[in-house]
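Heads up, the sequence shown is in this note's numbering, so the first residue is 473 and it goes up one at a time.
Virtual Cβ for every residue (Gly too), placed ideally from N, Cα, C.
Since we're looking at a predicted model, the values are computed, not measured.
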Amino acid sequence: MAQRVQGTEDLYGGYMRAWQRMVDVARELFGAYGFDMIETPAIEQVDTFVHGIGESTDVVRKEMFRVFSGALLPEVLERGGESHLKPRQRMAMRPEGTAGVVRAAVEHNFVPQGGAPAKLWYGEAMFRGERPQKGRLRQFHQVGLEWLGASDPAADAEVIIVLMEYFRRLGFESSQLHLTINSMGDSSCRPAYRQAVRQFILDHADEMCDDCIERAELNPLRAFDCKNDHCRAVMEAAPKVTDALCEDCRSHYEQVKRYLDEAGIAYTEDPTLVRGLDYYTRTVFEVEVEGSGVGAIGGGGRYDGLMELEGGKPTPGIGFAVGFERIYLALQAQGIDLAGEEPGCVYVACMPEQRAAAFSATLSLRNAGVRTEADYQGRSLKAQFKQANRLGARICVVLGSDEVAAGVATVRDMASHEQVQVPLDQLAAFVAERL
Ligand code: HAM
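#1: Between the alpha carbons of residue 492 and residue 702, how many angstroms are there, rounded?
#2: Using beta-carbon positions only, say whether residue 755 and residue 888 come within less than 8 Å of one another.
#3: Would you mind working out which of 779, 792, 785, 738 sits nearest residue 772, comparing C-alpha positions?
#4: Within the segment 639-713, note down every full beta strand (DSSP E) run reaching 3 residues or more, in order along the chain.
#5: Helix, strand or coil for residue 487? Go by DSSP, reduced to three states.
#6: Taking DSSP's pairing of strands, which residues face residue 844 in a bridge?
#7: Using a Cβ-Cβ cut-off of 6 Å (strictly less than) and excluding sequence neighbours within five positions of residue 528, which residues of its own chain qualify?
#8: Please state whether the Cβ-Cβ distance between residue 632 and residue 537 is less than 8 Å.
#9: What I want to know is whether the C-beta of residue 903 ends up closer than 7 Å to one or more non-hydrogen atoms of the ligand HAM.
#10: Between the segment 561-581 and the segment 505-514, are three or more C-beta pairs nearer than 8 Å?
#11: What is the DSSP secondary structure of residue 827, counted as helix, strand or coil?
#12: Suppose the cutoff is 6 Å on Cβ atoms and the five residues either side in sequence are ignored; what does the same chain contact list for residue 872 look like?
#13: Heavy atom of the ligand HAM less than 7 Å from the Cβ of residue 769, yes or no?
#14: Just confirm the distance between the C-beta atoms of residue 574 and residue 778, as a whole number of angstroms; I'd bet it's less than 8 Å.
#15: Considering only residues of the same chain and omitting the five flanking positions on each side of residue 786, which have a CB-CB separation below 7 Å?
#16: Indicate whether residue 842 and residue 818 have their beta-carbon atoms separated by less than 8 Å.
#17: Are the beta-carbon atoms of residue 876 and residue 829 separated by less than 8 Å?
#18: Got a sec: does the ligand HAM put a non-hydrogen atom nearer than 7 Å to the Cβ of residue 862?
#19: Closer than 7 Å: is that where the CB of residue 569 sits relative to any heavy atom of the ligand HAM?
#20: Here's the rule I'm using: 16 or more other beta-carbon atoms within 10 Å means buried, otherwise exposed. How should residue 625 be labelled?
#21: Are the beta-carbon atoms of residue 650 and residue 740 separated by less than 8 Å?
#22: Thinking C-alpha only, which one of 559, 598, 840, 900 is nearest residue 572?
#23: On the CB-based measure, 16 or more other CB atoms within 10 Å of its CB, does residue 480 come out buried or exposed?
#24: Between which two residues does the beta strand (DSSP E) holding residue 724 run?
#25: Indicate, with yes or no, if the ligand HAM has a heavy atom lying under 7 Å from the CB of residue 614.
#26: Please indicate yes or no: does the CB of residue 793 lie closer than 7 Å to some heavy atom of the ligand HAM?
#27: Quick check on the burial criterion: 16 or more other C-beta atoms within 10 angstroms. Buried or exposed for residue 639?
#28: How is residue 637 classed by DSSP in three states: helix, strand or coil?
#29: Are the segment 719-729 and the segment 657-671 touching by the rule of at least three beta carbon pairs closer than 8 Å?
#30: Under the three-state reduction of DSSP, which class applies to residue 792: helix, strand or coil?
#31: Would you mind reading off the limits of the alpha helix (DSSP H) that contains residue 519?
#32: Under the three-state reduction of DSSP, which class applies to residue 529: helix, strand or coil?
#33: Would residue 904 be called buried (16 or more neighbouring beta carbons within 10 Å of its own) or exposed?
#34: DSSP beta-bridge partners for residue 770?
#35: Rounding to the nearest angstrom, what Cα-Cα distance links residue 913 and residue 849 in this structure?
#36: Would the beta-carbon of residue 560 be found less than 7 Å away from any heavy atom of the ligand HAM?
The structure is reproduced here in structure tokens:
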């Protein structure tokens with residue numbers, strides 16, 4: 473039997489309805505904040521991710537799915553790699569949405585000099601070659617937004633406010649959500665801080681794991697997220713970014729917090745929150761659900777240097793993304809069904825000799841926007857009623873010979889069993905009103 477790839481899922485039934493609901497709620501809420509939807513390609517040139525996310529991140533080094541056409545693969549295997557390929561021939565599946573959106577903004581000049589900010593949102597599949605486990609997949613789905621061209625700390629606060637409101641509309645209680653924030657500094661204060669953390673790791677090298685010692689050179693801040701408890705305990709004494717911020721970053725962070733306080737958003741400050749993507753500057757944030765055991769359900773931050781890394785003019789940016797599968801699990805654990813009820817339908821049942829009348833009744837109901845089912849297997853009337861029940865039909869339209877001869881249909885309410893006869897030319901309007 474053919475099987476799906478490990479760490480991927482089929483979205484159907486209630487699971488699919490839950491994903492669509494996440495997209496619908498996003499469209500309504502983000503639309504009110506002035507965001508338009510964008511879809512970038514699922515494959516991009518590898519460089520788009522390497523420049524943006526960072527060469528030394530786990531996402532780029534270990535988790536990106538590379539894409540080679542069948543025609544190119546033998547050459548790559550033969551030459552032992554892809555280094556001889558042209559940049560446009562080196563492709564990867566997107567592991568996240570920000571780099572692609574920023575690449576598109578540069579390519580289409582979404583934020584012309586002196587122009588208004590670009591506000592974009594997306595709901596799409598992402599791909600990371602991680603070890604599959606609960607809430608960690610190789611193909612997962614994110615809803616996210618990116619606000620390009622706004623440097624004001626009010627934008628940071630509003631992005632966090634819209635994120636928390638999004639979670640509330642999906643069904644979370646504010647009291648269950650744990651928002652953590654931090655500032656990661658910028659190009660004027662971070663290099664010195666990075667160097668201080670690197671030195672701290674090297675000074676404690678005999679107490680830390682090999683990965684962290686490698687991180688000291690590659691990406692020292694990632695040592696704060698080491699899976700090894702002992703390393704994390706050692707890192708508690710490491711220099712804190714909030715003590716190393718330059719004046720501009722400090723004042724930006726203070727203002728973000730003031731706006732969040734004013735909006736009544738509860739948060740915890742964590743100077744070790746560093747996030748796994750290199751493009752962040754200043755504000756970063758993550759949200760977890762108390763006791764859900766699925767890790768962060770969403771996160772994001774400011775990335776004022778990313779447009780330049782993708783070849784554009786210096787343009788500030790900030791955004792977030794949330795993970796559908798983790799949100800679904802977290803809500804399910806609380807007994808909240810994101811999928812909602814199955815849509816109700818109408819079933820058109822008929823005597824075999826009235827098949828033509830059933831065909832045109834079905835057509836008129838569907839044209840009126842009514843979700844309509846009928847029998848296509850030549851079943852008896854009794855079997856058709858059973859099928860209507862199985863499908864959860866709220867109304868059954870019955871077309872027997874007497875009805876058709878009189879130009880009417882019997883409309884039966886499946887819950888109350890009440891029946892009325894309705895002229896066929898008024899059937900669609902009558903049923904649509906009752907659903
Ligand atoms: P991220 O924190 O890497 O950020 O991912 C955002 C969310 O995607 C996570 O909080 C989690 O819910 C979900 N997620 C990530 N990896 C997986 C996985 N393997 N399986 C299931 N769910 C996962 C970003 O991707 C940034 N682009 C967010 C952003 C937008 N920053 C600024 N703008």
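Per the coordinate set shown:
#1: Straight-line Cα distance between these residues: approximately 42 Å.
#2: No, these two residues do not count as a Cβ contact at 8 Å.
#3: Comparing Cα positions, the closest option is 792.
#4: List check, beta strand (DSSP E) in window: 649-655.
#5: Looking at residue 487 - three-state DSSP - the assignment turns out to be helix.
#6: 818, per the DSSP bridge assignment.
#7: The beta carbon of residue 528 is closer than 6 Å to those of 690, 691 in its chain, skipping five residues each way along the sequence.
#8: Annotated as distal: residue 632 and residue 537, with beta-carbon spacing of 8 Å or more.
#9: Result no, Cβ not under 7 Å from the ligand HAM.
#10: A contact exists between the segment 561-581 and the segment 505-514.
#11: DSSP places residue 827 in helix when its eight states are reduced to three.
#12: So the qualifying residues of the chain are 823.
#13: Yes, since a heavy atom of the ligand HAM falls inside the 7 Å radius drawn around the Cβ of residue 769.
#14: Correct: roughly 5 Å between the Cβ atoms.
#15: Excluding residues within five positions, the ones whose Cβ falls inside 7 Å are 779, 780.
#16: The Cβ-Cβ distance between residue 842 and residue 818 falls below 8 Å.
#17: Cβ atoms of residue 876 and residue 829: closer than 8 Å.
#18: For the ligand HAM, no non-hydrogen atom lies closer than 7 Å to the CB of residue 862.
#19: True, at least one ligand heavy atom lies under 7 Å from that Cβ.
#20: Only buried fits residue 625, as 16 or more other CB atoms lie within 10 angstroms of its CB.
#21: In this structure, the beta-carbon distance from residue 650 to residue 740 falls below 8 Å.
#22: In this structure, 598 is the residue among 559, 598, 840, 900 with its C-alpha nearest to the C-alpha of residue 572.
#23: Exposed, because fewer than 16 other Cβ atoms sit within 10 Å of the Cβ of residue 480.
#24: Boundaries around residue 724 are those of the alpha helix (DSSP H), 719-734, since no beta strand (DSSP E) includes it.
#25: Checking every heavy atom of the ligand HAM against the Cβ of residue 614, one is found closer than 7 Å.
#26: Yes.
#27: Around the Cβ of residue 639, a 10 Å sphere holds 16 or more other Cβ atoms; the residue is buried.
#28: Reduced to three states, the DSSP call for residue 637 is helix.
#29: Using a C-beta cut-off of 8 Å, the segment 719-729 makes contact with the segment 657-671, since at least three inter-stretch Cβ pairs fall below that distance.
#30: The answer is strand: DSSP assigns residue 792 an E or B state.
#31: 518-525 is the extent of the alpha helix (DSSP H) around residue 519.
#32: If DSSP states are grouped into helix, strand and coil, residue 529 belongs with coil.
#33: Exposed, by the Cβ-count rule.
#34: The partner list for residue 770 (beta bridge, DSSP) reads 759, 794.
#35: Within the shown structure, residues of the chain are numbered from 473 to 907, placing residue 913 beyond reach of any answer.
#36: Every heavy atom of the ligand HAM is 7 Å or more from the Cβ of residue 560, so no.
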